[in-house]
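Residue numbers (my numbering): 5 to 250.
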């Protein structure tokens, strides 16, 4: 950031007075270099803060990955991408950035701070609803009752996190659900190791439901998530989906 402030100082010294810096400055200290450089040339600094909650930032990043690659990168692929492209983050890096974030304020020396809150644009055209079912829910006696509360003809996803597991482990649950609904039933699983998340597919991160939704033209915010735990509730909130506990 200090190097960028030096470039800014040179531009202002040449007589330029209107400059836009499209950068993420997480801390007051990082932003101070820019503000101080502008002050030296009697130029006011205005801040436009694009305020995006962590859950929405997670959705945005996963959707960018899916749009670009068509599927969720593995941890090794994601780590390589993150080294080459600043806009690609592993979950732990994104979470750390939000912990370190110091919201901008006028007392830093800004002439003004405009807070622009993120607003998602509704998808164009007709969209489908879907049902995301945590595999653990299918082991609970109340799951069939929960199933009766929504349209059985919509696409269903059975999802889980099983380190070193395969989707075949979800076969019994998929068969049980398929016997109760008329819509498509698919399964998806995160097989990656425990510890700090290195992928975007481990629940409650939103990768698995978002990949399924993208494939089948589903609007997560119009869908249902059936789960058993606080993590599943968190995932439903991240997606904007209705949560049904069992």
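Where a beta carbon is used, it is the ideal one built from N, C-alpha and C, also for glycine.
Excluding five sequence neighbours on each side, which residues of the same chain lie with their C-beta closer than 7 Å to the C-beta of residue i?
| i | result |
| --- | --- |
| residue 94 | 82, 83, 86 and 202 |
| residue 154 | 135 and 228 |
| residue 174 | 139, 162, 164, 191 and 193 |
Hey, residue i and residue j: beta-carbon distance below 8 Å or not?
| i | j | result |
| --- | --- | --- |
| residue 227 | residue 245 | yes |
| residue 209 | residue 104 | no |
| residue 204 | residue 117 | no |
| residue 171 | residue 135 | no |
| residue 11 | residue 147 | no |
| residue 178 | residue 162 | yes |
| residue 142 | residue 182 | no |
| residue 192 | residue 216 | yes |
| residue 167 | residue 96 | no |
| residue 39 | residue 28 | no |
| residue 221 | residue 131 | yes |
| residue 13 | residue 34 | no |
| residue 152 | residue 32 | no |
Relative to the alpha-carbon of residue i, which residue among the options has its alpha-carbon at the smallest distance?
| i | options | result |
| --- | --- | --- |
| residue 17 | 47, 157 and 141 | 47 |
| residue 43 | 115, 215 and 146 | 115 |
| residue 188 | 77, 230 and 156 | 156 |
| residue 164 | 133, 172 and 207 | 207 |
| residue 212 | 22, 9 and 194 | 194 |
| residue 58 | 238, 13 and 176 | 238 |
| residue 101 | 122, 144, 150 and 56 | 56 |
| residue 145 | 249, 120 and 110 | 249 |
| residue 198 | 169, 219, 77 and 218 | 169 |
Kindly list the residues whose CB is nearer than 8 Å to the CB of residue i, restricted to its own chain and excluding five residues on each side of it in sequence; keep chain order.
| i | result |
| --- | --- |
| residue 214 | 63, 66, 67, 70, 224 and 243 |
| residue 79 | 94, 196, 202 and 203 |
Between which residues of its own chain and residue i is the CB-CB distance below 6 Å, once the five residues before and five after are set aside?
| i | result |
| --- | --- |
| residue 51 | 108, 114 and 117 |
Item to check | Segments of 4+ residues assigned as alpha helix (DSSP H) that fall wholly inside the region 164–225 | outcome: 175–182 and 211–220
Next on the checklist: Extract the residue ranges of the beta strand (DSSP E) inside the region 109–155, only unbroken runs of 3 or more that lie entirely within it.
Outcome noted: 116–121 and 135–138
Checklist entry - Taking the runs of the beta strand (DSSP E) that are 3 residues or longer, which of them lie wholly in the region 44–98? => result 50–55
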